[in-house]
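All remarks here apply to the structure that follows.
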Amino acid sequence: MASTQHTFVNQKDGPIYVSVEPWPECFELEPGDKLTLVWNAPTVGDAMQVDFINERELVVWPSGEIDTIQYLFNGEPGADRSWTFKHR
């Protein structure tokens, strides 16, 4: 396994939602927000699968050792931001 990271940036004019599975973590990103996932991905094959639900929602499925996945929100620890929404 190799450490990898992927960053999602909201460049839309309103919020977007990123769900991380298989655990039901969900993050609301305001315009300009960045969500970075850091984990140990496999050295071969896909590091993650991304499913686009619509233009404002996506679901990501990281592969590899994800028990210790880190969530960085705008560069800071952000696991506590999961399921904290300003919009409905």
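Under our numbering, the first residue of the sequence shown carries the number 9, and numbering increases by one thereafter.
In this text, a Cβ means the ideal position worked out from N, Cα and C, and glycines have one as well.
The beta carbon of residue 73 lies closer than 7 Å to those of 9, 47 and 48 in the same chain, with the five residues before and after it left out. For a cut-off of 8 Å, the C-beta gap from residue 29 to residue 67 is around 6 Å, short enough to register as a contact. Residue 63 and residue 34 have their C-alpha atoms roughly 16 Å apart.
Secondary structure of residue 87 (DSSP, three-state): helix. Residue 36 sits away from residue 81, with the two beta carbons spaced by 7 Å or more.
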